[in-house]
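Asks:
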Amino acid sequence: MFSLTCLSTHPVIQLLDKCITLRTFKQVHAQAITTGLAVHTYPLSRILLISSALSLSYALSIFNQIPNPTIFLFNTLISSVVNCKYHTRIAFSLYNRILSDKTLVPNSFTYPSLFKACGSSEWAEHGRALHTHVLKFLEPPYDHYVQSSLLVFYAKLGQVGTSRYLFNEISNPDLATWNSILNAYARSNGSACAGILTDKDATSSLECLNLFRELQGSKVRPNEVTLVAVISACANLGALAQGVWAHAYLRKYNLQLNIFVATALVDMYSKCGCLDLAYQLFSLLPRRDVFCYNAMIGGFGFHGFGHRALDLFNKIKVEGLIPDDVTFVVTISACSHVGLVEEGRRVFNSMKEIFEIEPRLEHYSCLVDLLGRAGQLMEAEEIVRDMPMKPNAVVWRSLLGAAKVHGNLEMGEIALKKLLQLEPGTSGNYVLLSNLYARMNRWEDVNKVRRLMKDHTIDKFPGSSLVEIDGALHEFLTGDRTHPRLEEVHSKLDDINRALRAYGHKPGTMDVLFDIEEEEKEDALSYHSERLAIAFALITSDSRVPIRVIKNLRVCSDCHASTKLISLIYGREIIVRDRTRFHCFRDGTCSCSDYW
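Be aware that the sequence shown starts at 1, since it is given in full-length UniProt numbering, and climbs by one per residue.
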């Protein structure tokens, strides 16, 4: 008999660990059989683990020859199969064999790998069924790895509330569990990553930061994975002071500035309006992967530096890296923000012609947006009609937005009809068409759209703006009457409006969706959320510090025009991040050159 120590140090086992080809592995496997090692559980687990990485079919053939495999061997193979992507079905067939064998019972090592395999929507129902099996086969208190894998599974489905409930059930969570819940909140900001900050996104990011404060009060010490989640939350919120603090924390405790942390920092500084800092950090990195390039290209695009984004896109190829799907999304979007139509079209065409990447829905959406913003509506509509897959809501919304900007009512109505079929409950679609009708003074049609929204019990998504003052975030809603310093804010707004009129500003009331008197429309514009945030910042912030505002909706034309003048009148730099891009207002001008 072999002892476990002898087995782990046996020369044949050490040879197994060095195999990098199937041919050499088969030779060592033969030795394991002839020496009798292959009948012992530990050597068998090593054989299954290594062979599955070289040839899954060979590993399965070995496993099928084992008489009465133990639950340990089943768990080993399931784990190996899950790590070999796209083999979830095989993993579950192995699990079904466990269930059908009356001598075997799943244990705490069976489920983490299976939950990992259920991350896609296709396997979501299997994951929920597995959860019931955990309750059936395992005795509480449950193993940390089981609880953590459950937590991550629900987070991937977007059910962060369920993940938080599971986290709260864990006594003394370890670092891996803390990281799982922090990342669950940080990754739940899908729209924020695209530049769109919804109430749900802001809540998730704030909760991530609150949890991090709880972690600091525990005995668990954060690591690089922790900081990636925290920095990502700061990026979503545009919370520069807290993002800088996280960067300083990293250096203070000698945490490694690995490629993942560096990419998160580049993204954070870009999304907080500090593009120069983002690029400085990016340039100093000794090694950059395609994800890091994507973050920097996206930053340049978001700030309206399309040519610099294209330069980085070309540098990817020079450095021998291969662009991925996201690279093309951020690069075409960067071209869209500044009207580089031909350049954006070339990037799109290069996907198939040079990189042999089949364009997906998001790439067609970017192309439609590129053409639509530039006024090439007929070609944009042709792209939508001829694309090889069915257009989704994002594609039709891009077309509707372009129709609104360029006053093409017929195309706007066609796009809205499609959107109502795909997203009947999304208020933004109705608002875009209402804006288009309002610009043309077709108030009866505006009222029809409003009645349609009322009939479907759809409320307009409220405008919301965040402004950071001395490290604290303040939120304002359009027409806000809840802020504790509201009286001061309204008084400052009156001062601002008087100064705007003195400079000859005439409010652009086309985007006000009510058939009311012009004076009332002007009052409605004055209480847009970013106006309130800017007024508050003028009262409370150091005049030498830029005012940074994060808005959940696209900036309206009047707020854009008035903010340019405010930057001139008060001598302040005002940086506004809306749902599509950054606007840097300085000395009466905007970085977008009025193309947005």
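Just so it is clear, CB atoms sit at the ideal spot from N, CA and C, and this is done for glycine as well.
Let me make sure I understand the geometry here. Which of 493, 11, 504, 470 has the alpha-carbon closest to that of residue 242?
Replies: 470
Asks: Apply the 10 Å Cβ neighbour rule to residue 518 and answer buried if 16 or more other Cβ atoms are within range, or exposed otherwise.
Replies: Annotation note: pLDDT 40 at residue 518 (below 50); position unreliable, coordinate value reported separately. Looking at its Cβ environment, which holds fewer than 16 other Cβ atoms inside 10 Å, residue 518 is exposed.
Asks: Could you check what DSSP says for residue 426 in three-state terms: helix, strand or coil?
Replies: coil
Asks: Beta-carbon of residue 433 versus every beta-carbon of chain C: anything under 8 angstroms?
Replies: Reference to chain C is not applicable here, since this structure consists of a single protein chain.
Asks: Residue 106: which of 115, 95, 116 sits nearest, CA to CA?
Replies: Among 115, 95, 116, the Cα nearest to that of residue 106 is on 95.
Asks: When DSSP labels each residue in this structure, what does residue 514 get in the three-state scheme?
Replies: Residue confidence for residue 514 is low, a pLDDT of 44 falling below 50, so the modelled location carries little weight; the figure read from the coordinates is stated next. It is coil, neither helix nor strand.
Asks: Name the DSSP bridge partner or partners of residue 316?
Replies: In the DSSP output, where bridge partners are listed per residue, residue 316 has none listed.
Asks: For the candidate residues 537, 497, 145, 231, whose alpha-carbon lies nearest to that of residue 565?
Replies: 497
Asks: Starting from residue 560, trace the alpha helix (DSSP H) both ways and give me its first and last residue.
Replies: 557-569
Asks: Whole angstroms is fine: what's the gap from residue 229's alpha carbon to residue 109's?
Replies: 27 angstroms
Asks: Nearest-angstrom Cα distance between residue 489 and residue 273?
Replies: Answer to the nearest angstrom: the Cα atoms are 24 angstroms apart.
Asks: How is the alpha helix (DSSP H) around residue 345 delimited, first residue to last?
Replies: 341-353
Asks: Between 185, 69, 65, which has its C-alpha nearest residue 42's C-alpha?
Replies: 69
Asks: Tell me whether the region 411-424 and the region 390-402 touch, counting them as touching only if at least three CB pairs, one residue from each stretch, are closer than 8 angstroms.
Replies: yes
Asks: As a quick exercise: from 307, 318, 304, 306, pick the residue whose alpha carbon is nearest that of residue 288.
Replies: 318
Asks: Could you spell out where the alpha helix (DSSP H) holding residue 398 opens and where it closes?
Replies: For residue 398, the enclosing alpha helix (DSSP H) covers residues 393-406.
Asks: With a CB to CB cut of under 8 angstroms and the five nearest residues on each side skipped, what residues in its chain are close to residue 48?
Replies: 59, 62, 63, 73, 76, 77, 80
Asks: Below 7 angstroms CB to CB, which residues in the same chain sit around residue 459 once its five sequence neighbours on both sides are set aside?
Replies: 427
Asks: For residue 454, report the span of its beta strand (DSSP E) as first-last.
Replies: Here residue 454 belongs to no beta strand (DSSP E); instead the alpha helix (DSSP H) covers 443-455.
Asks: Quick check: residue 293 and residue 321, are their CB atoms within less than 8 angstroms of each other?
Replies: yes
Asks: How would you label residue 337, buried or exposed, when you count the other beta carbons within 10 angstroms and need 16 or more for buried?
Replies: buried
Asks: How long is the line joining the alpha carbons of residue 284 and residue 296, rounded to whole angstroms?
Replies: 13 angstroms
Asks: Would DSSP call residue 482 helix, strand or coil?
Replies: coil
Asks: Going by beta carbon distance, what residues of the same chain come within less than 7 angstroms of residue 222, once the five residues before and after it are set aside?
Replies: 215
Asks: Rounded to whole angstroms, what is the Cα-Cα separation between residue 16 and residue 92?
Replies: 27 angstroms
Asks: What is the DSSP secondary structure of residue 363, counted as helix, strand or coil?
Replies: helix
Asks: In chain order, what residues of the same chain have a beta carbon less than 6 angstroms from the beta carbon of residue 529, not counting five sequence neighbours either side?
Replies: 463, 464, 465, 476, 477, 478, listed in sequence order.
Asks: Taking the Cβ atom as the reference point for each residue, do residue 531 and residue 240 lie within a distance shorter than 8 angstroms?
Replies: no
Asks: What is the DSSP secondary structure of residue 520, reduced to helix, strand or coil?
Replies: For residue 520, the pLDDT reaches just 39, beneath the cut-off of 50, and the residue's location in the model is therefore unreliable, although a value from the coordinates is still provided. It is helical.
Asks: Pull up the distance between the alpha-carbon of residue 332 and that of residue 562, whole angstroms please.
Replies: Roughly 30 angstroms between the two C-alpha positions.
Asks: Just to confirm the assignment, what range does the alpha helix (DSSP H) spanning residue 220 have?
Replies: Unbroken run through residue 220: none, as it is neither H nor E.
Asks: What does residue 468 pair with, by DSSP beta-bridge criteria?
Replies: 473
Asks: Here's the rule: buried if 16 or more other CB atoms are within 10 angstroms of the residue's CB, otherwise exposed. What is residue 33?
Replies: exposed
Asks: Classify residue 39 as buried or exposed, calling it buried when 16 or more other Cβ atoms lie within 10 Å of its own Cβ.
Replies: If you draw a 10 Å sphere on the C-beta of residue 39, you find fewer than 16 other C-beta atoms in it, and that means exposed.
Asks: Tell me, please, which residues DSSP counts as bridged to residue 548.
Replies: Per DSSP, 575.
Asks: Within the same chain, show all residues whose beta-carbon is closer than 8 angstroms to that of residue 448, passing over the 5 residues directly before and after it, in chain order.
Replies: Taken in chain order, the list of residues that qualify is empty.
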